[in-house]
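Engineer: Under my numbering, the first residue of the sequence shown carries the number 552, and numbering increases by one thereafter.
This is the structure I want to talk about, given as structure tokens.
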Amino acid sequence: MNIQDIHNLFLQCKSVSIDTRKIEKDSMFFAIKGDNFDANTFAAKALELGALFVIIDDASYAIDERTILVENSLESLQELAKFHRAYLKLPIIALTGSNGKTTTKELINVVISKKYKTKATLGNLNNHIGVPLTLLSFTKETEIGIVEMGANHKKEIEFLCEIAQPDYGYITNFGKAHLEGFGGVQGVIEGKSEMYQYLAKNNKVAFVNLEDPIQIEKSTSIKSFTFGVNNATADVNIKNIKANPFVVIDYDNFSVESHLIGLYNANNINAAVAIGHYFKVDEKDIKVAIENYIPENNRSQLLRIGSNQIILDAYNANPSSMAVAITNFLQLENQNKIMILGDMFELGNESHQEHKLIVDSLVNQDKSMCYLIGKSFYDNKIVKDNIHFFETFDAFVAYLKTIHFNENTILVKGSRGMALERTLEFIE
Numbered sequence: 552m553n554i555q556d557i558h559n560l561f562l563q564c565k566s567v568s569i570d571t572r573k574i575e576k577d578s579m580f581f582a583i584k585g586d587n588f589d590a591n592t593f594a595a596k597a598l599e600l601g602a603l604f605v606i607i608d609d610a611s612y613a614i615d616e617r618t619i620l621v622e623n624s625l626e627s628l629q630e631l632a633k634f635h636r637a638y639l640k641l642p643i644i645a646l647t648g649s650n651g652k653t654t655t656k657e658l659i660n661v662v663i664s665k666k667y668k669t670k671a672t673l674g675n676l677n678n679h680i681g682v683p684l685t686l687l688s689f690t691k692e693t694e695i696g697i698v699e700m701g702a703n704h705k706k707e708i709e710f711l712c713e714i715a716q717p718d719y720g721y722i723t724n725f726g727k728a729h730l731e732g733f734g735g736v737q738g739v740i741e742g743k744s745e746m747y748q749y750l751a752k753n754n755k756v757a758f759v760n761l762e763d764p765i766q767i768e769k770s771t772s773i774k775s776f777t778f779g780v781n782n783a784t785a786d787v788n789i790k791n792i793k794a795n796p797f798v799v800i801d802y803d804n805f806s807v808e809s810h811l812i813g814l815y816n817a818n819n820i821n822a823a824v825a826i827g828h829y830f831k832v833d834e835k836d837i838k839v840a841i842e843n844y845i846p847e848n849n850r851s852q853l854l855r856i857g858s859n860q861i862i863l864d865a866y867n868a869n870p871s872s873m874a875v876a877i878t879n880f881l882q883l884e885n886q887n888k889i890m891i892l893g894d895m896f897e898l899g900n901e902s903h904q905e906h907k908l909i910v911d912s913l914v915n916q917d918k919s920m921c922y923l924i925g926k927s928f929y930d931n932k933i934v935k936d937n938i939h940f941f942e943t944f945d946a947f948v949a950y951l952k953t954i955h956f957n958e959n960t961i962l963v964k965g966s967r968g969m970a971l972e973r974t975l976e977f978i979e
């Protein structure tokens, strides 16, 4: 069965699924092999649970005409997504970057949806499986699609762009993320810039932050729409940015008072405002959209626990995002500040040095108590009264039970694998 035939069957379905635990009635189920499982074994189960069709790549699991045999289920999912994207012919905004992708995607979505019927990546379904699933969630009613793209090695963004075929692209930044897979910071720049190469080759548009010299350098051959601070040449001019702790930004004709914490979120807001301007969303609607956006899922959340104010940014961390989070936190005017920081993952050979750099950056500040958790931080242990090291989370919890936090402002940040949101259980 060719991809057009599969697409005709797909149009009869309400959704696509790759997990029988989350399957919906009248869906199309793709049996994708994982490292530790073979989803072909769930083909019958998917049909029992209400799937209309099941795509399999192992003939021994064929049941009847509802099971469609293909050479490779994952590749068929990707081909179907690319075919569906071409079938819909809708404008697509794609974004990638080392930090801030998901927050920026959500901000773009709330702004653009003030004028258009939009559909955006759910959560962070941004890889070689998530991007196809996102594209297949778009319908004839979708007027603009917003696709987040993640990558941990070169050629991944190139591959995702070939599937999604974006008309517009934005790169949030080029930071020290996934250094192990990219082979260093230069590899990150080359990998993320694959989006620019796609846009240039296909005569598409890039949204460019003029505060980022790498964006300027890498986008010179592309049609661009720009934003910058006190920059008369920018398409969208930003006059002033403040954060204590919430980000407040003044533009030429209006201001926004966001619920986002930290200057590092200013570029995320500015990108959404600029893209809103490009698509001619009314400035009043842009303002309302940004000001009504409340972060969640452990991303720059401001919480109250007892007398303590918590800045919870525990969804993920890399050296770039960790450094700006610390810098912003130290600039806050609040008294009694505490930092609870966890290990940063996927740094490969750079891990020891990058954790050491974070420790070194904390040595010269005496304003905040610092608790550093995880083996990578522990391996860089130093002796300083206001910096405490814990090799494991359990060791930190044992210590937490011996102290009491009262009227503190607390930053909690670490990689997803550290799950530092667990700390909240022990703060009264």
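Note that beta-carbon positions come from the ideal geometry of N, C-alpha and C, so glycine has one too.
#1: Run through DSSP, which three-state label would Leu686 get?
#2: Just how far apart, CA to CA, sit Leu631 and Phe581?
#3: Quick one: any contact between the region 640–655 and the region 811–831, if contact means 3 or more CB pairs under 8 Å?
#4: Taking Cβ positions, are Ile861 and Leu761 nearer each other than 8 Å?
#5: Answer yes if the region 698–715 comes into contact with the region 661–680, meaning at least three C-beta pairs across the two stretches below 8 Å, and no otherwise.
#6: Distance, Cα to Cα, Tyr829 vs Lys706?
#7: Can you give the Cα-Cα distance for Gly735 and Arg967, rounded to whole angstroms?
#8: Near Lys793, which residues of its chain fall below 7 Å by C-beta distance, leaving aside the five closest residues on each side in sequence?
#9: Would you mind working out which of Lys743, His939, Leu687 and Gln716 sits nearest Asn703, comparing C-alpha positions?
#10: Quick test of your reading: Ile619 and Phe604, contact by CB under 8 Å. State the CB separation rounded to the nearest angstrom.
#11: Could you give the C-beta distance for Asn819 and Thr655, rounded to a whole number, given that I count them as a contact under 8 Å?
#12: Skipping 5 residues on each side, what residues in its chain have a beta carbon closer than 6 Å to that of Asp718?
#13: For Ser775, collect the residues of the same chain with a Cβ closer than 8 Å to its Cβ; drop the 5 residues on either side in sequence, then sort them by chain order.
#14: Measure the C-alpha to C-alpha separation of Glu622 and Ile557 and round it to an integer number of angstroms.
#15: Taking buried to mean at least 16 other C-beta atoms within 10 Å of its own C-beta, is Tyr982 buried or exposed?
#16: Can you look up Val832 in the DSSP assignment and give me helix, strand or coil?
#17: Alpha carbon to alpha carbon, what distance is there between Lys640 and Ser566?
#18: With a Cβ-Cβ cutoff of 8 Å, do Tyr922 and Phe947 count as a contact?
#19: How is the beta strand (DSSP E) around Cys921 delimited, first residue to last?
#20: Looking only at its chain, what residues have a beta carbon closer than 6 Å to the beta carbon of His729, apart from the 5 residues adjacent to it on each side?
#21: Taking three-plus beta-carbon pairs below 8 Å as touching, is the region 689–698 in contact with the region 855–872?
#22: With a threshold of 16 other CB atoms inside 10 Å of the CB of Ser627, please say whether the residue is buried or exposed.
#23: Report the residue ranges of all beta strand (DSSP E) runs contained in full by the region 845–894; include only those spanning at least 3 residues, in chain order.
#24: Am I right that Val661 and Ile826 are in contact with their C-beta atoms under 8 Å? What's the rounded C-beta distance?
#25: Quick one: Cα of Asn849 to Cα of Arg973, how far?
#26: Nearest to Lys727 by alpha carbon, out of Ala671, His810 and Asn900?
Structural biologist: Checking against the coordinates, here is how it stands:
#1: Helix, per DSSP.
#2: Approximately 11 Å, taken between the alpha carbons.
#3: yes
#4: no
#5: yes
#6: 29 Å
#7: About 21 Å.
#8: Val799
#9: Comparing Cα-Cα distances from Asn703 to each of Lys743, His939, Leu687 and Gln716, the minimum goes to Lys743.
#10: 6 Å
#11: 4 Å
#12: Pro642, Ile643 and Lys755
#13: Val756, Ala757, Phe758 and Val759
#14: 13 Å
#15: Residue numbering for the chain in the displayed model covers 552 to 979; residue 982 lies beyond these limits and cannot be assessed.
#16: coil
#17: 19 Å
#18: It is a contact, given that the beta carbons lie within the stated cut-off.
#19: Ser919 to Ile924
#20: Asn703 and Glu897
#21: no
#22: buried
#23: 852–856, 859–864 and 888–893
#24: Not quite, the Cβ-Cβ distance comes to about 11 Å (not below 8 Å), so this is no contact.
#25: Each residue's alpha carbon lies about 11 Å from the other.
#26: Per the Cα distances, Asn900.
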